[in-house]
Each structure stands twice: as structure tokens, then as C-alpha cells.
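Okay, so here's the structure we're looking at.
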Amino acid sequence: MEKRVVFDNRWLPYLLVAPQLLVTFVFFFWPAGQAIYQSAFIPDPFGLKTQFVGFGNFEYLFGNRYYRESFLTTAVFSVLVTISAMSFALWLAVLADRVIKGSSAYRTLLIWPYAVAPAIAGVLWLFMFNPFTGVIAWMLAHAGYVWNHNLDGGQAMALVVAASAWKQISYNFLFFLAGLQAIPKSVIEAAAIDGASFWRRFWTIVFPLLSPTTFFLLVVNIIYAFFDTFGVIHTITQGGPQQSTTILVYKVFADGFVGQDLGSSAAQSVVLLALVGILTVVQFRFIERRVHY
Amino acid sequence: MKKLIAAGVVAALLSGVAPASAATQIDFWHAFTGRLGELLDEQVAKFNASQTDYTVVATNKGNYSETLNAGIAAFRAGEQPDILQVFEVGTATMMGAKGAIKPVYEVMAESGLPFDQSAYLAAVAGYYTTTEGQMLSLPYNSSTPVLYVNKDALKAAGLDPEMDLSTWEQVGTALDALKAAGNKCPLTTAWQSWVHLENLSAYHNVPFATKENGFAGVDTELTFNGDVQVKHIDTLGQWAKDGKFIYSGRRNEGGAPFRAGECALFTESSAGYAGVKKEATFDFAIRPLPYWSSVEGAPQNTIIGGASLWVMQGQTPEEYKGVAAFFNFLSSADIQAKWHQDTGYLPITMAAYEATKASGFYDANPGTDISIIQMTGKAPTANSKGLRLGSFDQIRGIIDEELEGVWNGSKSAKDALDSAASRGNELLRRFEQANR
Numbered sequence: 401m402e403k404r405v406v407f408d409n410r411w412l413p414y415l416l417v418a419p420q421l422l423v424t425f426v427f428f429f430w431p432a433g434q435a436i437y438q439s440a441f442i443p444d445p446f447g448l449k450t451q452f453v454g455f456g457n458f459e460y461l462f463g464n465r466y467y468r469e470s471f472l473t474t475a476v477f478s479v480l481v482t483i484s485a486m487s488f489a490l491w492l493a494v495l496a497d498r499v500i501k502g503s504s505a506y507r508t509l510l511i512w513p514y515a516v517a518p519a520i521a522g523v524l525w526l527f528m529f530n531p532f533t534g535v536i537a538w539m540l541a542h543a544g545y546v547w548n549h550n551l552d553g554g555q556a557m558a559l560v561v562a563a564s565a566w567k568q569i570s571y572n573f574l575f576f577l578a579g580l581q582a583i584p585k586s587v588i589e590a591a592a593i594d595g596a597s598f599w600r601r602f603w604t605i606v607f608p609l610l611s612p613t614t615f616f617l618l619v620v621n622i623i624y625a626f627f628d629t630f631g632v633i634h635t636i637t638q639g640g641p642q643q644s645t646t647i648l649v650y651k652v653f654a655d656g657f658v659g660q661d662l663g664s665s666a667a668q669s670v671v672l673l674a675l676v677g678i679l680t681v682v683q684f685r686f687i688e689r690r691v692h693y
Numbered sequence: 012m013k014k015l016i017a018a019g020v021v022a023a024l025l026s027g028v029a030p031a032s033a034a035t036q037i038d039f040w041h042a043f044t045g046r047l048g049e050l051l052d053e054q055v056a057k058f059n060a061s062q063t064d065y066t067v068v069a070t071n072k073g074n075y076s077e078t079l080n081a082g083i084a085a086f087r088a089g090e091q092p093d094i095l096q097v098f099e100v101g102t103a104t105m106m107g108a109k110g111a112i113k114p115v116y117e118v119m120a121e122s123g124l125p126f127d128q129s130a131y132l133a134a135v136a137g138y139y140t141t142t143e144g145q146m147l148s149l150p151y152n153s154s155t156p157v158l159y160v161n162k163d164a165l166k167a168a169g170l171d172p173e174m175d176l177s178t179w180e181q182v183g184t185a186l187d188a189l190k191a192a193g194n195k196c197p198l199t200t201a202w203q204s205w206v207h208l209e210n211l212s213a214y215h216n217v218p219f220a221t222k223e224n225g226f227a228g229v230d231t232e233l234t235f236n237g238d239v240q241v242k243h244i245d246t247l248g249q250w251a252k253d254g255k256f257i258y259s260g261r262r263n264e265g266g267a268p269f270r271a272g273e274c275a276l277f278t279e280s281s282a283g284y285a286g287v288k289k290e291a292t293f294d295f296a297i298r299p300l301p302y303w304s305s306v307e308g309a310p311q312n313t314i315i316g317g318a319s320l321w322v323m324q325g326q327t328p329e330e331y332k333g334v335a336a337f338f339n340f341l342s343s344a345d346i347q348a349k350w351h352q353d354t355g356y357l358p359i360t361m362a363a364y365e366a367t368k369a370s371g372f373y374d375a376n377p378g379t380d381i382s383i384i385q386m387t388g389k390a391p392t393a394n395s396k397g398l399r400l401g402s403f404d405q406i407r408g409i410i411d412e413e414l415e416g417v418w419n420g421s422k423s424a425k426d427a428l429d430s431a432a433s434r435g436n437e438l439l440r441r442f443e444q445a446n447r
């Protein structure tokens, strides 16, 4: 027998969701619509005159080798950030879950970096790795390794990935920990009695049961790596050296706010919007199938 | 209750209406924080105290890019300030926006206040003047690159600390000695594009771009991939490979290691003087920017960096009068002389330079007049008047990227400059299209 609560009022549900719809419209659909509209024009910065170019901005973008290369940079960056942020967070969550004494102190400390704004996180890591004055760069130099992310694209990428992932680990940690605590102890205990080792219990019971959390975090982390890491890139490398850390969202900023090229910037936003939309659909369509709720 | 309302009305009248009727408010948006912000506020307070007709309200809107963006956004919303401080690379953007700005010569002419354009340093004002000689924006803070020398480091390398470093050839021999003596950072620079391409071009009287570096039209093309520039960048690239030139970053990140005594030579804005003087615990000197003696006609003159004040459209005549009065005040010799001495920026008028000279400031602070001598030594040519290129902030970003390829050895100087020029030209065509 199906249990159901029936609302008689036809308008109440709409009224109740109206504030959320309004927020979504004002802060998402409207700006997104504006971006799509503007991507068909080349305006001057002050909005004094504007020219309709149709898909001209997109043609200009995709005809540009550096823009196309930026996709690869973004892919490398996002995958690295997502994998490192999630695996570290899971590892920490598993350890924190087993701590008995002072567990709340550990947890609180592990959550702290999330309160740091991306730009501040960037400056923090920049201080540590500054080739001239950074303490870690200094230690590396004494170990015989030359650190200069101003010139070495690989090092620059490693640094922005580390800074971005570090900030996101806390968020992931929180969700993984909650996920771990929701797993019934009885299942794990039963496996333990059957003689399964810790790692075997983890891979055959805990990890599959965590899959909804992992999937959710995968989506969130990819979106984070695509959009929210702007501050980190801006403070540490400004996209350099050469183009080695110029991810798509940084190009939107550079063209729109540094170059005042609003048409190209709007077109890039539309491309990003489509890209993240496609990625999310793909994730839900293909990865979610393997998730056990 | 009635009494309360009445009191409220009176209070509102007093707070809201009274000041407005007393003085016209002039909004001034700028990009200065810290010490420079304090000095700017001091100027504004002095102006406000000097008369009762106008009140200038100065507001910081972030860094240069943010201030320009704030001005643009405000203009689109019809809330623009009277005065907007815009950095020199935004000049072409502002000039292109004919309906958004009111040229300074027009503001001054309408005000009826005395305004003599020839009183301004030609090398400074020229950057913000049309080819017909009309001043579009008021030069405010202008600087030019010079060479900072750590004399103790030269001594430690067995060199004469007073040695002649006026040419890059001489700098080259000094770098050899410094490197041989184990110096970890013989030479570094700030603002690489500004110093080693833009100023290099002007200083050797070769074009940075066609159409008088963009002064004569927006259909300009970059030409900084010429022989002189390629040779210079190639030499620097070689020095980078040998560990004689150390790349420290796109902005002025090199300042910290120089002030800490780690770097021997440092090319940086003359406005970096205050910081070096305050922090350096070693004996330092300011020298003119070096040039290549092999290039005929060098040294010409260097060009400026910094910002100017633009007047925005859409204000009342009364406000424009106030702007003119404020600009007159800023241009006066004693205000300019103080600004020049406090900040290391160039004085914008000849009178301010003379006043500073007469006060004995240059004798007490040797090297502080080098920037002015370097800029005014020769009459500017079409190649050394300045740069007026659209999307130039972004073109500098491209130049930075390509130069990094030279410094890390992945590109030859010629390839990097060719690529920077062609990528920059694409942006210039976009700008031309948007400003047609």
C-alpha cells in the first residue's frame, strides 16, 4: 500500500518554491541569458556602441590556438585537483573516523582550511614557494632541487593544483566523514568477525557504501576546479609561465576584465556553461549508474 | 510623537541638504592605497580647505584594473564619478570612448581658469595628448624605468662601485664579474615588457608599433620584433641561461630580493625609490637605464608609466568648474614638487622640477633627478612619445608569456617576439573592430 499526503491547495506549493525560483532566476538564468545574448556582439567597454557579429566571437575563439590549448590545461588541472582533493580527504576521513581520543579537535582542525578564501589560500602557498623568499623553496634548494615556478610550467601547475586541492580537502573530508559514520557498524563488525582485514573491509564494504557521497563530491569538485579556483590562479601565477596555468575561467577574466573584450568574454562564459552542463549530464548518465544508494 | 518627527525632519535637512547647498561635490575615484593613498588624501584635504565652493571626495576603488572596471560599470549605470584615475595602458580605451569622457583641454577652456599646456613636461604630457596637441587627461603619477645598483655587491665582486653602467655592454662585463664572484642574482627586473620592450624601443628610437606607436590611428600593428629588440631579448635570454639575469615575475616581485641585498642590479620604475631607500641596508645608487651603444641615436628618451586623471561625461557645468579648479590646484608648483619628492614620481610641470632643484632635494638625494633628465634630455620623436594601443594590458600579458618562453629556454628571442607581435595584432584588430 502506498502512503501519500495530498495537498489540496494548488497554489501553495508554487508559492513555497517561489523564493528559490526567484533566486535561481535572478542569479542564474538572467545572467546566463545575458551572457548568451552578449556573446553575439562586439561592444565597446562603455556600452556606447555595439556590433552584431552572430557566431563571430565563437569563430574567433576556436580559431585561436591558445584558446584550444586552454581546454587541455583545464582538463589536466581539474582532474589533478579533483583526484588529489578527494583521495586525500577520503584518507583523512578514514583515519579521523578511527580516532577515539580527541576526535572532535582533529575534525575541527581538518575543516579549517575551508574557511580560507581561494585568493588568500593562493597567497599563503605563494609565500611558502616564493623562489626567492619562500621557506619551502629554500628547503628544496638546500636539498639540491631548484624551485622556480615563475619559469617552470610543471612546477607552476603543481603549485596551483596543491593550493586548490588543499582548500577543497576540508569540504570533501566533512562529507566523507559523515558518509563513513552513516555506514552501519554491524555490517563492518560482521565482516571483521569473518576475518576480513581492514583494507578488505574498506574496499568491499565501506567504499561501495560511500559511493553516493563520492559521486556527489565528484560533481562538486569538478565544478569547483572549473570555476572557484580563479582566485588561486590569479594570486599565484596569473596563468603563467607562458600559458601553462591558464585555465578557461581565468581566460574569461583576463579577456573580460583586463582586456575589456566583453564579447569574447561572454562567448567564453557560454562555452564554459555548455561544457559544465555536458560534464554534469555525462556524470549523471554514466557514473551514477554505478552508485549504490 | 510629532516632536520626534519634527526633530527627524530637521536632522535630515541638516545632514542631507545643508552640505550640498554649501559646496558642489566632486567625486574622484582612484587606485591608490597605503602610503600613496595617504598622500593623495592629503592633497584632497588641502584643496578642500583652500576654498569653499567645491568638496572633492576621493574614493579608492581597488587596483588600476579594478578602478577602470568600476568606472566603466558606473558609466553604464549612469553613476560615473567626475574624475577617474586610469593607468597609462588604459589610455587608448579611454580615448576610444568619446561619448564617455570629456577631454581635459575642453574642461579647462570652459572653466575660464588659466591653463597653459606648455607648462607641463612635454615627455609626460605627450603621452596623454592628441597628435594635434590637445591634452585629453591630466598626467598625475608618472614614472620611468631606471637602474638601481647595489654598490656593496659590486664591491664584493671586486668591481669599482662607481663604475660606468650606462650601456648594456658595460652591464654585461659587470654581470660576468658578479657571476664569477658567485653572486646568485646579478640582474633582475620589474615590469619586463615596460622596461625591456616598450622603453627599450623608445630609448633606441625604434618603433614599438606602426602609426606613431598608435598615436595616429587604431589601425596600428606591433613592430617590436625588430632587430634592436630581438638582439636585446636574445642577450637577456643568454644571460638568463648563464644565471646572470634572474627572472622574478611579471610585476615587481624582483623588488623584495633587491631590497634584501640579494640582487646586484635591478631595472625598476623610478617610483620604486621610496621603498628602496626605506628598506635597503646597503649602499645603493640610481643610474640611468642602460642602452646599447651599438645602436645609432641611442639614448633617445624613455617613456612613462603610471596613471592620469580622466574627466567623465554627463556631469553638471558646476561640477566641471570644480574639476578644473582641482586640476589647477594639482598642477601648482608646490603641490607637484611635494608629490615628486614624497613619491619618486616625476613632477608634471617644469616649475615643480625647478622648485625641487632650488630646494636642494636632488643634492640631498642623489639620483632622484635621473628619471627627469633621462626623459627630457632629447625632444621626443614619433617612436618615443609614448604608446597608445588598444587592449594593451592584455598585450602586455601576451608579451609576458612569450618572454617567459625565452627566459626558460624553450623559445628563441626572435620566435617569441614574432609570436607576441602576431598574437597582439589579433587583439588590436578586435579593438579596432569594437571602436570603429
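Keeping their order, the protein sequence lines are chains E and V. According to our numbering, the stretch in the first sequence is residues 401 to 693, in order. According to our numbering, the stretch in the second sequence is residues 12 to 447, in order. Even for Gly, the Cβ is constructed at its ideal location relative to N, Cα and C.
Chain-ordered residues of the stretch 654-688 of chain E with a beta carbon less than 8 Å from chain V: Of all residues in the stretch 654-688 of chain E, only A654, D655, F657, V658, G659, Q660, D661, G663, S664 place a beta-carbon less than 8 Å from a beta-carbon of chain V.
Whole beta strand (DSSP E) elements within the stretch 306-366 of chain V, 3-residue minimum: As far as the stretch 306-366 of chain V is concerned, its whole beta strand (DSSP E) runs of at least 3 residues are 316-323.
Close Cβ partners of A31 of chain V (< 8 Å) along its chain, the five nearest in sequence each way excluded: Numbered from 1 along the second sequence, position 20 holds the residue referred to as residue 31 of chain V. Unreliable placement is indicated for A31 of chain V, whose pLDDT of 45 sits below 50; no coordinate value is reported for it.
Cβ pair Q434 of chain E, I442 of chain E closer than 7 Å: Residue 434 of chain E sits at position 34 when you count from the first residue of the first sequence. Residue 442 of chain E sits at position 42 when you count from the first residue of the first sequence. Their beta carbons are not under 7 Å apart, which means Q434 of chain E does not touch I442 of chain E by this criterion.
Reduced DSSP category for V417 of chain E - H, G, I as helix; E, B as strand; rest coil: Start at 1 with the first residue of the first sequence, and residue 417 of chain E comes out as number 17. When DSSP states are grouped into helix, strand and coil, V417 of chain E belongs to the helix group.
Short CB-CB distance (under 7 Å) between P125 of chain V and chain E: On the second sequence, residue 125 of chain V is found 114 positions in, with the first residue counted as 1. No, no contact with chain E.
At least 3 beta-carbon pairs within less than 8 Å: the stretch 116-129 of chain V vs the stretch 413-422 of chain V: Contact fails: fewer than three Cβ-Cβ distances are below 8 Å.
Cβ contact check for the stretch 293-300 of chain V and the stretch 157-171 of chain V: 3 or more pairs under 8 Å: They touch, by the three-pair rule.
Inter-residue Cα distance where the pair is T474 of chain E and Y460 of chain E: Position 74 of the first sequence holds residue 474 of chain E. Position 60 of the first sequence holds residue 460 of chain E. If you take the alpha carbons of T474 of chain E and Y460 of chain E, they lie about 19 Å apart.
Beta bridge counterpart(s) of Y650 of chain E as assigned by DSSP: Taking the first residue of the first sequence as 1, we reach residue 650 of chain E at position 250. Paired residue(s): none; Y650 of chain E is not in a bridge.
Beta-carbon proximity check, I381 of chain V vs P150 of chain V, cutoff 7 Å: Locating residue 381 of chain V in the second sequence gives position 370, where the first residue counts as 1. Locating residue 150 of chain V in the second sequence gives position 139, where the first residue counts as 1. Contact flag unset, no.
Neighbour-count burial assignment, Y414 of chain E, 16 or more Cβ in a 10 Å radius: The residue you call residue 414 of chain E lines up with position 14 of the first sequence. Looking at its Cβ environment, which holds fewer than 16 other Cβ atoms inside 10 Å, Y414 of chain E is exposed.
Span separating the alpha-carbon of T66 of chain V from that of R46 of chain V: Within the second sequence, residue 66 of chain V is the residue found at index 55, counting from 1. Within the second sequence, residue 46 of chain V is the residue found at index 35, counting from 1. If you draw a straight line from the Cα of T66 of chain V to the Cα of R46 of chain V, it is about 22 Å long.
Nearest-angstrom Cβ-Cβ length linking V652 of chain E and Q642 of chain E, presumed shorter than 8 Å: Position 252 of the first sequence holds residue 652 of chain E. Position 242 of the first sequence holds residue 642 of chain E. For V652 of chain E against Q642 of chain E, the beta-carbon gap comes to about 19 Å, at or over 8 Å, which does not count as contact.
Stretch-stretch touch, CB-based, cutoff 8 Å, three pairs: the stretch 240-255 of chain V with the stretch 187-198 of chain V: As far as the Cβ criterion goes, the stretch 240-255 of chain V touches the stretch 187-198 of chain V, which means the pair count is three or higher.
heavy atom of the ligand GTP below 6 Å from F256 of chain V C-beta: The ligand GTP is absent from the structure shown, which contains no ligand whatsoever.
Short-range partners of chain E found in the stretch 392-422 of chain V, where Cβ spacing is below 8 Å: Sequence-ordered contacts of the stretch 392-422 of chain V with chain E read S402, D404, Q405, G408, D411, E412, E413, E415, G416, W418, N419, S421 [C-beta pairs closer than 8 Å].
Near-chain V residues of the stretch 532-560 of chain E - C-beta to any C-beta below 9 Å: Taking 9 Å as the cut-off between beta carbons, the residues of the stretch 532-560 of chain E near chain V are F532, T533, N548, N550, L551, D552, G553, in sequence order.
Coil, strand or helix - P608 of chain E by DSSP: Within the first sequence, residue 608 of chain E is the residue found at index 208, counting from 1. In this structure, P608 of chain E counts as helix in the three-state DSSP scheme.
Reference I244 of chain V; option with closest CA among V:W179, V:S342, V:T292, V:P268: One-based indexing of the second sequence puts residue 244 of chain V at position 233. For I244 of chain V, the nearest C-alpha among the options comes from V:W179.
Under 8 Å from the C-beta of R87 of chain V: neighbouring residues of chain E: Reading the second sequence from its first residue, position 76 is the one you call residue 87 of chain V. Scanning chain E for C-beta atoms nearer than 8 Å to the C-beta of R87 of chain V yields F446, G447, reported in chain order.
Contacts of Q638 of chain E in chain V (Cβ-Cβ under 7 Å): Here residue 638 of chain E refers to the residue found at position 238 when the first sequence is read from its first residue. Close partners of Q638 of chain E in chain V (Cβ separation under 7 Å): R261.
Where the beta strand (DSSP E) through F39 of chain V begins and ends: Position 28 of the second sequence, counted from the start, is the residue given in the question as residue 39 of chain V. Per DSSP, F39 of chain V belongs to the beta strand (DSSP E) from 35-41.
Min CB distance I520 of chain E to chain V below 7 Å: In the first sequence, counting from the first residue as 1, residue 520 of chain E sits at position 120. It does not: the Cβ of I520 of chain E has no partner Cβ on chain V nearer than 7 Å.
Inside the stretch 243-273 of chain V only - alpha helix (DSSP H) runs reaching at least 4 residues: As far as the stretch 243-273 of chain V is concerned, its whole alpha helix (DSSP H) runs of at least 4 residues are 266-270.
Per-residue burial, V21 of chain V [other beta carbons within 10 Å of its own, 16 or more giving buried]: Stepping through the second sequence from its first residue, residue 21 of chain V is reached at position 10. Residue confidence for V21 of chain V is low, a pLDDT of 48 falling below 50, so the modelled location carries little weight and cannot support an answer.
Beta strand (DSSP E) runs wholly inside the stretch 130-180 of chain V, at least 3 long, in chain order: Counting whole runs of 3 or more residues, the stretch 130-180 of chain V contains the beta strand (DSSP E) stretches 149-154, 156-161.
Outcome for G435 of chain V when other beta-carbon atoms lying within 10 angstroms are tallied against a minimum of 16: To locate residue 435 of chain V, count along the second sequence from 1; it is residue 424. Result: buried.
CB contact check: I315 of chain V to chain E, cutoff 7 Å: Your numbering for residue 315 of chain V matches position 304 in the second sequence. Look at I315 of chain V: its C-beta is not under 7 Å from any C-beta on chain E.
Sub-7 Å separation of L124 of chain V and A335 of chain V beta-carbons: Taking the second sequence and counting its residues from 1, the one referred to as residue 124 of chain V is at position 113. Taking the second sequence and counting its residues from 1, the one referred to as residue 335 of chain V is at position 324. Against a cut-off of 7 Å, the Cβ pair of A335 of chain V and L124 of chain V comes out as a contact.
Listed by chain order, chain E residues near S76 of chain V by CB distance under 9 Å: Against the second sequence, residue 76 of chain V aligns to sequence position 65. The contacting residues are F657, V658.
Closest by C-alpha distance to D429 of chain V, when choosing among V:T234, V:R399, V:A344: The sequence position of residue 429 of chain V within the second sequence is 418, counting from 1. Cα-wise, what sits closest to D429 of chain V is V:T234.
Beta-carbon spacing of R35 of chain V, G237 of chain V below 7 Å: For the purposes of this step, residue 35 of chain V is identified with residue 24 of the second sequence, where counting begins at 1. For the purposes of this step, residue 237 of chain V is identified with residue 226 of the second sequence, where counting begins at 1. Looking at the sequence provided, one finds Thr at residue 35 of chain V rather than Arg. Between T35 of chain V and G237 of chain V, the C-beta spacing is not below 7 Å.
Buried or exposed (CB count within 10 angstroms, at least 16 for buried), N409 of chain E: Numbered from 1 along the first sequence, position 9 holds the residue referred to as residue 409 of chain E. When all chains shown are included, N409 of chain E counts as exposed.
Rounded distance between the beta-carbons of N71 of chain V and G101 of chain V, thought under 8 Å: Counted from its first residue, the second sequence places residue 101 of chain V at position 90. Counted from its first residue, the second sequence places residue 71 of chain V at position 60. Not confirmed; about 17 Å, so no contact.
Test item: CB-CB of G522 of chain E and A496 of chain E under 7 Å: Locating residue 522 of chain E in the first sequence gives position 122, where the first residue counts as 1. Locating residue 496 of chain E in the first sequence gives position 96, where the first residue counts as 1. Result no, Cβ atoms of G522 of chain E and A496 of chain E do not sit closer than 7 Å.
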